[in-house]
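Read top to bottom, the protein sequences are chains Z and D.
Each residue of the first sequence is one higher than the last, beginning at 14 in this note's numbering.
Each residue of the second sequence is one higher than the last, beginning at 14 in this note's numbering.
Every residue gets a Cβ at the ideal spot worked out from N, C-alpha and C, and that includes glycine.
Protein chains: 2
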Amino acid sequence: MKNAETTLAKLIEIALRRYGMLEPGDRILVGVSGGKDSTCLLRDLAIKRTWWEVPFEVEACFIASDLYKMGVPRAEAVDDSWIRQKAAWWGVPYTRIDVPVIGRLKPGEKMSCYWCSTQRRTELSRYARSRGFNKLALGHHMDDILETLFMNMLRKGEFATMPPVMRYNNYPLSVIRPLALCEERQVIACAEELGFISQTCSCAFNLEGARRMTRSLIEGLTGGSSVAKRNLFASMSHVKKDYLA
Amino acid sequence: MKNAETTLAKLIEIALRRYGMLEPGDRILVGVSGGKDSTCLLRDLAIKRTWWEVPFEVEACFIASDLYKMGVPRAEAVDDSWIRQKAAWWGVPYTRIDVPVIGRLKPGEKMSCYWCSTQRRTELSRYARSRGFNKLALGHHMDDILETLFMNMLRKGEFATMPPVMRYNNYPLSVIRPLALCEERQVIACAEELGFISQTCSCAFNLEGARRMTRSLIEGLTGGSSVAKRNLFASMSHVKKDYLA
């Protein structure tokens with residue numbers, strides 16, 4: 014393993030252990046998009062599966078939508094051959110599901126990032142449950158989590174985000190985000206090292222204006238400092254309720 | 014009452030009620046500096062005292078230090094005649110206490126904003142307790158509270174700030190911050206309307222670099238939007254612990 018990949022592998026290991034993400038016999042479905050985040054995640058879990066102290070299974074699922082970008086349908090079907098080959102190479106069973114996100118819009122409904130991502134996630138969850146997976150692994154990294162935190166703080170007045178582990182009552186599928194402790198720059202470094210970058214596709218989610226704006230606001234707030242960013246992240250587990258308004 | 018003063022008076026009333034800051038028979042000591050914040054606060058409480066549904070007492074205490082600004086002693090004694098006369102005019106008993114902040118430094122100790130403000134606060138608390146006050150009212154406004162929140166998040170990895178009401182176990186003095194729901198621009202507007210602004214003195218605390226820097230970071234984060242700022246503030250009372258890292 015090279016440098017950046019080793020760093021990412023260690024940060025993922027810390028997250029898996031700290032948040033208790035892996036339990037014996039887990040059947041984990043990784044949502045992959047062909048982008049850098051989920052590709053790095055899939056590769057890492059495929060490797061960890063071979064030496065981790067408790068056995069777990071990993072499969073990949075690609076949700077192909079008919080949305081090219083917000084408001085624009087695709088000219089032709091999504092080409093997922095690159096990520097499909099990677100999965101095969103790493104010995105990870107791979108499934109593709111086509112979801113007609115645009116086709117599902119009812120008359121009068123407007124396409125939105127929220128609606129599209131909800132459709133895709135719903136399909137991913139449905140597939141996972143139908144095949145007996147108990148965990149869904151998503152490629153959100155620390156910057157994604159901080160962005161959601163600040164979007165919620167600035168727009169909804171809530172201190173809440175996408176948590177590293179989300180367990181549901183009365184629902185047998187948990188969501189885990191093993192990249193929770195990885196900064197995006199660390200994922201990019203790993204993807205570059207492994208030659209993934211040129212393949213990354215841009216999904217509608219990444220094009221969302223509010224999220225991109227929040228990203229640059231956080232850059233301003235932290236001055237790009239990793240220490241400041243990690244402190245922001247740590248503040249979520251150090252909520253002093255007697256010292257709040 | 015004029016426009017900006019009416020706004021401030023209402024926001025203070027909302028804070029007093031929402032956080033249960035006033036109880037029958039309260040003896041409240043207001044820490045005054047001669048600056049816009051504590052002067053507006055003192056005037057407002059002096060007025061509310063005359064019509065509020067439960068009786069409470071208000072007095073003012075001015076802590077005069079020998080520190081002109083960080084590292085620089087004062088050339089002559091602090092002149093507090095302006096705020097003293099205001100208090101007299103509003104019928105509020107007034108006390109001045111001189112604290113030799115520099116004089117108290119032990120050999121080898123370095124002056125810091127933290128040390129200076131702790132000395133002043135300690136003296137204020139000591140005086141309050143010795144005279145039977147049960148509440149200390151401080152002039153921190155919403156921007157001060159958000160600054161401390163972000164300094165703690167960015168530097169200490171904690172979600173914590175100066176709360177609107179701070180009650181201590183085994184200590185008979187509570188701290189209240191009736192300006193908690195007022196933005197600084199609203200306090201400034203009120204101070205300008207009442208002709209206080211020209212008198213505001215700069216204390217060592219305001220000169221602190223980290224705080225000033227955090228202030229401009231928050232301006233960047235919110236784009237100066239009051240809605241965004243109030244959402245940040247509201248996020249402190251909407252902590253969703255299942256949705257945090």
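Problem - C-beta neighbour in chain Z for residue 197 of chain D, strict 8 Å - result: In the second sequence, counting from the first residue as 1, residue 197 of chain D sits at position 184. No, no contact with chain Z.
Exercise for the section: Anything in chain D within Cβ reach of residue 57 of chain Z, meaning under 8 Å, just list it in chain order. Expected result: Position 44 of the first sequence, counted from the first residue, corresponds to residue 57 of chain Z. By Cβ distance, chain D contributes nothing, its closest Cβ being about 19 Å from residue 57 of chain Z, past 8 Å.
Handout entry: Residue interval of the beta strand (DSSP E) (run including residue 41 of chain D)
Key = Working through the second sequence from its first residue, we reach residue 41 of chain D at position 28. Run containing residue 41 of chain D: 39 to 45, per the beta strand (DSSP E) assignment.
Handout entry: From D:162, D:183, D:90 and D:149, residue whose alpha carbon lies closest to that of residue 248 of chain Z
Key = Within the first sequence, numbered from 1, the residue matching residue 248 of chain Z stands at position 235. Nearest to residue 248 of chain Z by C-alpha distance, out of D:162, D:183, D:90 and D:149, is D:162.
Practice task
Grab me the residues of residue 29 of chain Z's own chain with a C-beta within less than 7 Å of its C-beta, minus the 5 sequence neighbours each way, in chain order.
Solution key: As a first step, residue 29 of chain Z must be located in the first sequence, where it is residue number 16. These residues qualify, in order along the chain: 35 and 191.
Practice task
Using a Cβ-Cβ cut-off of less than 7 Å, list which residues of the region 175 to 195 of chain Z approach chain D; keep chain order.
Solution key: 176, 177 and 193
Practice task
Alpha carbon to alpha carbon, how far is residue 241 of chain Z from residue 32 of chain Z? Give it in angstroms, no decimals.
Solution key: The residue given as residue 32 of chain Z occupies position 19 in the first sequence. The residue given as residue 241 of chain Z occupies position 228 in the first sequence. If I take the Cα positions, the gap works out to 22 Å.
Handout entry: residue 113 of chain D burial status per 10 Å Cβ neighbour count (16 or more: buried)
Key = Position 100 of the second sequence, counted from the first residue, corresponds to residue 113 of chain D. Under a 10 Å Cβ-count criterion, residue 113 of chain D is classified as exposed, with fewer than 16 other Cβ atoms of the shown protein chains found around its own Cβ.
Practice task
Below 6 Å CB to CB, which residues in the same chain sit around residue 75 of chain Z once its five sequence neighbours on both sides are set aside?
Solution key: Mapped onto the first sequence, residue 75 of chain Z falls at position 62. If we look at residue 75 of chain Z and ignore the five residues flanking it on each side, its Cβ neighbours are 45, 93 and 109.
Problem - Where residue 176 of chain D falls, given that 16 or more other Cβ within 10 Å makes a residue buried - result: Within the second sequence, residue 176 of chain D is the residue found at index 163, counting from 1. Answer is buried; the Cβ neighbour count reaches 16.
Practice task
Mind reading off the beta-carbon distance from residue 141 of chain D to residue 186 of chain D? Whole number of angstroms is fine, and I expect it under 8 Å.
Solution key: Taking the second sequence and counting its residues from 1, the one referred to as residue 141 of chain D is at position 128. Taking the second sequence and counting its residues from 1, the one referred to as residue 186 of chain D is at position 173. Between residue 186 of chain D and residue 141 of chain D the Cβ distance is about 6 Å, and since that is below 8 Å, they are a contact.
Practice task
Have a look at the DSSP bridge pairing and note the partners of residue 111 of chain D.
Solution key: Here the question's residue 111 of chain D lines up with position 98 in the second sequence. According to DSSP, which records beta bridges pairwise, residue 111 of chain D is partnered with D:77.
Exercise for the section: Report back the beta-carbon spacing between residue 200 of chain Z and residue 154 of chain Z to the nearest angstrom; my notes put them in contact at under 8 Å. Expected result: As a position in the first sequence, residue 200 of chain Z is number 187, starting the count at 1. As a position in the first sequence, residue 154 of chain Z is number 141, starting the count at 1. Contact holds; Cβ gap of about 5 Å.
Practice task
State yes or no: is the beta carbon of residue 160 of chain D nearer than 8 Å to at least one beta carbon in chain Z?
Solution key: Position 147 of the second sequence, counting from 1, holds the residue named residue 160 of chain D. No, because no Cβ of chain Z sits closer than 8 Å to the Cβ of residue 160 of chain D.
Handout entry: Which of helix, strand or coil DSSP assigns to residue 163 of chain D
Key = In the second sequence, residue 163 of chain D corresponds to position 150, counting from 1. Of the three classes helix, strand and coil, the one that applies to residue 163 of chain D here is helix, per DSSP.
Problem - Among D:202, D:203 and D:169, the one whose alpha carbon lies nearest that of residue 223 of chain D - result: Residue 223 of chain D sits at position 210 when you count from the first residue of the second sequence. For the residues D:202, D:203 and D:169, the minimum Cα distance to residue 223 of chain D belongs to D:169.
Handout entry: Where residue 36 of chain D sits in the DSSP three-state scheme
Key = As a first step, residue 36 of chain D must be located in the second sequence, where it is residue number 23. Of the three classes helix, strand and coil, the one that applies to residue 36 of chain D here is coil, per DSSP.
Practice task
Report yes or no: do three or more beta-carbon pairs, one from the region 230 to 237 of chain Z and one from the region 44 to 58 of chain Z, lie closer than 8 Å?
Solution key: no
Handout entry: Backbone secondary structure at residue 149 of chain D - three-state DSSP
Key = By 1-based counting over the second sequence, the position of residue 149 of chain D is 136. In this structure, residue 149 of chain D counts as strand in the three-state DSSP scheme.
Handout entry: Spatially closest choice to residue 21 of chain Z from Z:236, Z:226, Z:205 and Z:119, by CA coordinates
Key = If you number the first sequence from 1, residue 21 of chain Z lands on position 8. Closest option to residue 21 of chain Z, Cα to Cα, is Z:205.
Practice task
Give the straight-line distance between the Cα atoms of residue 132 of chain Z and residue 86 of chain Z, rounded to the nearest whole angstrom.
Solution key: Within the first sequence, numbered from 1, the residue matching residue 132 of chain Z stands at position 119. Within the first sequence, numbered from 1, the residue matching residue 86 of chain Z stands at position 73. C-alpha separation (whole angstroms): 15 Å.
Handout entry: Whether residue 151 of chain Z touches residue 188 of chain Z by CB criterion (8 Å)
Key = The sequence position of residue 151 of chain Z within the first sequence is 138, counting from 1. The sequence position of residue 188 of chain Z within the first sequence is 175, counting from 1. Taking 8 Å as the Cβ cut-off, residue 151 of chain Z and residue 188 of chain Z qualify as a contacting pair.
Exercise for the section: Quick one: using the 10 Å Cβ neighbour count with 16 as the cut-off for buried, is residue 255 of chain Z buried or exposed? Expected result: Along the first sequence, one-based indexing puts residue 255 of chain Z at 242. Exposure of residue 255 of chain Z is indicated by the presence of fewer than 16 other C-beta atoms within 10 angstroms of its C-beta.
Problem - Beta-carbon proximity check, residue 252 of chain D vs residue 172 of chain Z, cutoff 8 Å - result: Locating residue 252 of chain D in the second sequence gives position 239, where the first residue counts as 1. Locating residue 172 of chain Z in the first sequence gives position 159, where the first residue counts as 1. Against a cut-off of 8 Å, the Cβ pair of residue 172 of chain Z and residue 252 of chain D comes out as a contact.
Problem - residue 164 of chain D versus residue 103 of chain Z: straight-line alpha-carbon distance, rounded - result: Working through the second sequence from its first residue, we reach residue 164 of chain D at position 151. Working through the first sequence from its first residue, we reach residue 103 of chain Z at position 90. Answer to the nearest angstrom: the Cα atoms are 45 Å apart.
Handout entry: Residue closest to residue 225 of chain D, alpha-carbon to alpha-carbon, out of D:105, D:15 and D:156
Key = Taking the first residue of the second sequence as position 1, residue 225 of chain D is located at position 212. Taking only the C-alpha atoms, the option nearest residue 225 of chain D is D:156.
Exercise for the section: Please compile the residues from chain Z whose C-beta is within a distance smaller than 7 Å of the C-beta of residue 251 of chain D. Expected result: Taking the first residue of the second sequence as 1, we reach residue 251 of chain D at position 238. The contacting residues are 170, 171 and 172.
Practice task
Would you kindly work out how many angstroms separate the C-alpha atoms of residue 39 of chain D and residue 99 of chain D, rounded to a whole number?
Solution key: As a position in the second sequence, residue 39 of chain D is number 26, starting the count at 1. As a position in the second sequence, residue 99 of chain D is number 86, starting the count at 1. Distance between the alpha carbons of residue 39 of chain D and residue 99 of chain D is about 22 Å.
Practice task
Would you please verify whether the beta carbon of residue 6 of chain Z is less than 8 Å from any beta carbon of chain D?
Solution key: There is simply no residue 6 of chain Z to check, as chain Z begins at 14 and stops at 258 in what is shown.
Practice task
Report buried or exposed for residue 101 of chain D, applying the criterion of at least 16 other Cβ atoms within 10 angstroms of its Cβ.
Solution key: Stepping through the second sequence from its first residue, residue 101 of chain D is reached at position 88. Burial check for residue 101 of chain D: the Cβ neighbour count within 10 Å stays below 16, so the residue is exposed.
Practice task
With DSSP as the reference, label residue 246 of chain Z as helix, strand or coil.
Solution key: To locate residue 246 of chain Z, count along the first sequence from 1; it is residue 233. Three-state DSSP puts residue 246 of chain Z in a helix.
Handout entry: Residues that residue 256 of chain Z contacts on chain D, provided the C-beta gap is smaller than 7 Å
Key = Here residue 256 of chain Z corresponds to residue number 243 of the first sequence, with the count starting at 1. Here the neighbours are 173, 174 and 176.
Problem - Min CB distance residue 217 of chain D to chain Z below 8 Å - result: Counting from one through the second sequence, the residue named residue 217 of chain D turns up at place 204. Because residue 217 of chain D sits at a pLDDT of 48, beneath the cut-off of 50, its placement in the model cannot be relied upon, and the point is left open.
Practice task
Just tell me which of Z:56, Z:41, Z:37 and Z:61 has its CA closest to the CA of residue 27 of chain Z.
Solution key: The residue labelled residue 27 of chain Z in the question sits at position 14 within the first sequence. The residue with the shortest Cα to Cα distance from residue 27 of chain Z is Z:61.
Handout entry: 8 Å Cβ cutoff, residue 22 of chain Z in contact with chain D
Key = Position 9 of the first sequence, counted from the start, is the residue given in the question as residue 22 of chain Z. With 8 Å as the cut-off, residue 22 of chain Z does not count as an interface residue toward chain D.
Exercise for the section: With distances taken Cα to Cα, identify the nearest neighbour of residue 246 of chain D among Z:258, Z:245, Z:239 and Z:235. Expected result: Indexing the second sequence from 1 puts residue 246 of chain D at position 233. With distances taken between Cα atoms, residue 246 of chain D lies closest to Z:258.
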